[in-house]
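Numbering (this note's numbering), first residue to last: 685 to 846. Worksheet: the structure to be examined is printed underneath.
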């Protein structure tokens, strides 16, 4: 999948150094979670399970977002969580690439590719992550309330897009 400025591609084990950086940013810990991925080997296992196996088993999953030079700058994808009846969209970008419209561009492209494949798509965001709330609203999602979906008992805002 390509957009004007981005290449959205399947993840590969060679993306491990990028994933290690992305998942260990303070903003990732704050607004998403500490995934417990601290080594290249753990990042490779995460890529295999989440990116590669996810697509093979479900027909969807996360993608690596790269700029036109091929430099990985973020991720966007659909996830199937046990607590949700429909897939939810998620995204994360390296700090130096936030605030430039890349998340919107990548998420809008992903939603267009999966248009009509699901009755609805959900999204979840930390209560305090106002930038994600704004982006999800811009993508056509509506906040429906709060739910606790993680083991840490943190309430998240649940969004739905029909």
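Note that the Cβ used here is the ideal one computed from N, Cα and C, for glycine as well. It should be emphasised that the depicted structure is a prediction, and the values quoted were computed from it without experimental measurement.
Apart from the 5 residues on each side of it in sequence, residue 804 sits with its Cβ closer than 8 angstroms to the Cβ of 770, 844, 845 and 846 in its chain, given in chain order. Burial of residue 747 is indicated by the presence of at least 16 other C-beta atoms within 10 angstroms of its C-beta. Per DSSP, reduced to three states, the secondary structure at residue 818 is helical. Around the beta carbon of residue 730, 16 or more other beta carbons sit within 10 angstroms, so the residue counts as buried. In the DSSP annotation of this structure, the continuous segment of the alpha helix (DSSP H) that includes residue 703 starts and ends at 700-707. Counting only runs of 3 or more residues that sit fully inside the stretch 725-774, the beta strand (DSSP E) segments are 746-751 and 756-763, in chain order.
For residue 712, the enclosing alpha helix (DSSP H) covers residues 710-715. Our two residues, residue 793 and residue 825, have alpha carbons roughly 15 angstroms apart in a direct line. For residue 690, no alpha helix (DSSP H) encloses it; the enclosing beta strand (DSSP E) starts and ends at 690-693. Looking at 774, 750 and 821, the one whose alpha-carbon comes closest to that of residue 717 is 774. With at least 16 other beta carbons inside 10 angstroms of its own, residue 695 counts as buried.
At the C-beta level, residue 798 and residue 768 stay beyond 8 angstroms of one another.
Leaving aside the five residues that flank residue 807 on each side, the residues in its chain whose CB is nearer than 6 angstroms to its CB run, in chain order, 772, 773, 820, 825 and 843. Counting every other CB atom within 10 Å of its CB across the protein chains shown gives residue 837 a total below 16, marking it as exposed.
Look at residue 825 here: in three-state DSSP terms it is coil, with no helix or strand label. When C-beta atoms of the stretch 750-760 are compared with those of the stretch 686-695, three or more pairs fall below 8 angstroms, so the two segments count as touching. Contact annotation, residue 758 with residue 778: C-beta distance approximately 6 angstroms; criterion of less than 8 angstroms satisfied.
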